[in-house]
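S.K.:
Numbering (our numbering), first residue to last: -6 to 309.
(1) Just the Cα atoms here: how many angstroms apart are residue 185 and residue 84?
(2) I think residue 63 touches residue 97, with their Cβ atoms under 8 Å apart; what is that distance to the nearest whole Å?
(3) Measuring alpha carbon to alpha carbon, tell me which of 101, 3 and 68 ends up nearest residue 44.
(4) Between the C-alpha atoms of residue 27 and residue 21, what's the straight-line distance to the nearest angstrom?
(5) Confirm, please, whether the CB-CB distance from residue 170 to residue 210 is below 8 Å.
(6) On a Cα-Cα basis, can you pick out the residue from 187, 207 and 257 that is closest to residue 234?
(7) With a cut-off of 8 Å, do at least 3 Cβ pairs link the region 163 to 179 to the region 110 to 118?
(8) Could you say which of 123, 109, 125 and 158 lies nearest to residue 132 if we only look at CA atoms?
(9) Tell me, please, which residues DSSP counts as bridged to residue 239.
(10) Going by Cα to Cα distance, which pick from 205, 204 and 190 is closest to residue 198?
(11) Whose CA, out of 147, 65, 244 and 4, lies closest to the CA of residue 24?
(12) If residue 9 sits next to residue 34, beta carbons under 8 Å apart, how far is it from one beta carbon to the other, in whole angstroms?
(13) Between 242, 141 and 271, which lies nearest to residue 217 when the distance is taken from Cα to Cα?
(14) Quick one: complete alpha helix (DSSP H) runs, 4+ long, within the region 106 to 132?
(15) Identify, in the order they occur along the chain, each residue of the same chain with its Cβ nearer than 7 Å to the Cβ of residue 179, setting aside the five sequence neighbours on each side.
(16) Apply the 10 Å Cβ neighbour rule to residue 245 and answer buried if 16 or more other Cβ atoms are within range, or exposed otherwise.
(17) Who does residue 58 pair with in a DSSP beta bridge?
(18) Per DSSP, residue 157 is paired with what?
(19) If you run the structure through DSSP and keep just helix, strand and coil, what is residue 40?
(20) Of the residues 41, 201 and 136, which one's Cα is nearest the Cα of residue 292?
(21) Which first and last residues belong to the alpha helix (DSSP H) in which residue 6 is found?
(22) Between which two residues does the alpha helix (DSSP H) containing residue 181 stretch?
(23) Going by the CB atoms, is the gap between residue 149 and residue 86 shorter than 8 Å?
(24) Straight-line CA distance for residue 55 to residue 128?
(25) Spell out the partners DSSP gives residue 220 in its beta bridges.
(26) How would you write the range of the alpha helix (DSSP H) that residue 69 sits in, first residue to last?
(27) With a cut-off of 8 Å on the beta carbons, I'd call residue 151 and residue 205 a contact; round off their distance for me.
(28) Quick one: what does DSSP say residue 149 is sitting in, helix, strand or coil?
(29) Please state whether DSSP places residue 50 in a helix, a strand or coil.
(30) Can you say whether residue 71 is buried or exposed, counting buried as having 16 or more other CB atoms within 10 angstroms of its CB?
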């Protein structure tokens, strides 16, 4: 389970303004997706509330891993808050970045004391504060995962390309609405985490891979199944098998598995393309040109390699 902190928290702050950076301002839950500058604050009252929330979460989920997010959180709201600046001064914390380190360290120690391991998106590497048992989930390409493993952290590889399945299954207007351009079935099958890894010793830190399906533009459960299948079948082979180079053999095995999906009534995308009723059409499900995923991945990797502060460049 994941509770994303300190960013992606506008809904929490809308309900409890005192945990935000501008408690005197009334916020509404945002009707749109994207990066928000509405961060929870790092003050003691908020940390106490987060501990209560996590204690309730831990009582429900026995998982040894608890995800605390950590992505897409530009720190200007902390810098601009007089209350937060005063608290930082009282604690001899010199910068918002150092405060972010303390914030992560508090969550990591809290979870470790309860026998759980903190998991965070790769931006947390920039700030630090993790315990040695923390796990880094590398989504901005592979560079951050390689760095995290070299520093001794366990890693889960989840790069935007090709593990984000809210991107289209193929190019062209027949596809339904997606967040961006195509990640094909063959792209997923061809993904090999070890291919760019510099050494076997640090690669042993890779716990596995994970695919993501964010719901911002996915309209219903049928749309969700279409975006997931059969790409998730290819991802299963990435996770379970050594390096693969026979897409034709995989496709033959997959054809047999699709019969099982038919039996379960799964609305998967056929290998030949979408069925007539699965196409985007001209309504709100229509395909929209957005941006090139492979180019975005190059940019993400460059950010990770440069050491640029995560999310500080992003607009509201």
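By construction, the Cβ of each residue, glycine as well, lies at the ideal position given by its N, Cα and C atoms.
M.R.: To lay it out plainly:
(1) Indexing the chain shown from 1 puts residue 185 at position 192. Indexing the chain shown from 1 puts residue 84 at position 91. Between residue 185 and residue 84, the C-alpha separation is close to 45 Å.
(2) Along the chain shown, one-based indexing puts residue 63 at 70. Along the chain shown, one-based indexing puts residue 97 at 104. Rounded, the Cβ-Cβ distance is 7 Å, consistent with contact.
(3) As a working mapping, residue 44 is identified with position 51 in the chain shown. The residue with the shortest Cα to Cα distance from residue 44 is 101.
(4) Indexing the chain shown from 1 puts residue 27 at position 34. Indexing the chain shown from 1 puts residue 21 at position 28. Distance between the alpha carbons of residue 27 and residue 21 is about 15 Å.
(5) As a first step, residue 210 must be located in the chain shown, where it is residue number 217. As a first step, residue 170 must be located in the chain shown, where it is residue number 177. Yes, they are a contact pair.
(6) As a working mapping, residue 234 is identified with position 241 in the chain shown. The residue with the shortest Cα to Cα distance from residue 234 is 187.
(7) no
(8) Walking along the chain shown from the start, residue 132 turns up at place 139. It is 158 whose Cα lies nearest to the Cα of residue 132.
(9) The sequence position of residue 239 within the chain shown is 246, counting from 1. Note: residue 239 sits in no beta bridge, so no partner.
(10) Position 205 of the chain shown holds residue 198. Here the closest residue by C-alpha is 190.
(11) As a working note, residue 24 is residue 31 in the chain shown. Nearest of 147, 65, 244 and 4 to residue 24, Cα basis: 4.
(12) The residue given as residue 9 occupies position 16 in the chain shown. The residue given as residue 34 occupies position 41 in the chain shown. The pair is not a contact, with the Cβ atoms about 11 Å apart (cut-off 8 Å).
(13) On the chain shown, position 224 is the one that residue 217 refers to. Closest option to residue 217, Cα to Cα, is 271.
(14) 117 to 120
(15) Sequence index remark: in the chain shown, residue 179 carries index 186 (1-based). Hits under 7 Å: 240.
(16) Counted from its first residue, the chain shown places residue 245 at position 252. Its Cβ having fewer than 16 others within 10 Å, residue 245 is exposed.
(17) Taking the chain shown and counting its residues from 1, the one referred to as residue 58 is at position 65. 110, per the DSSP bridge assignment.
(18) For this step, residue 157 is matched to residue 164 along the chain shown. Bridge partners of residue 157: 205.
(19) Indexing the chain shown from 1 puts residue 40 at position 47. Three-state result, residue 40: helix.
(20) Taking the first residue of the chain shown as 1, we reach residue 292 at position 299. Scanning 41, 201 and 136 for the CA closest to the CA of residue 292 turns up 136.
(21) Counting from one through the chain shown, the residue named residue 6 turns up at place 13. Start and end: 3 to 8.
(22) Walking along the chain shown from the start, residue 181 turns up at place 188. From DSSP, the alpha helix (DSSP H) with residue 181 extends over 178 to 183.
(23) In the chain shown, residue 86 corresponds to position 93, counting from 1. In the chain shown, residue 149 corresponds to position 156, counting from 1. Contact: no.
(24) Residue 55 sits at position 62 when you count from the first residue of the chain shown. Residue 128 sits at position 135 when you count from the first residue of the chain shown. Looking at the two C-alpha atoms, the distance is approximately 17 Å.
(25) As a position in the chain shown, residue 220 is number 227, starting the count at 1. According to DSSP, residue 220 bridges with nothing at all.
(26) Residue numbering aside, residue 69 sits at position 76 when the chain shown is read from its first letter. 69 to 73 is the span of the alpha helix (DSSP H), which, as asked, contains residue 69.
(27) As a first step, residue 151 is located in the chain shown; it is residue number 158 there, counting from the start. As a first step, residue 205 is located in the chain shown; it is residue number 212 there, counting from the start. Confirmed, about 6 Å.
(28) For the purposes of this step, residue 149 is taken as residue 156 along the chain shown, with counting starting at 1. Here residue 149 sits in strand by DSSP.
(29) As a working note, residue 50 is residue 57 in the chain shown. Three-state result, residue 50: helix.
(30) Within the chain shown, the letter at position 78 stands for residue 71. By the 10 Å Cβ count, residue 71 comes out buried.
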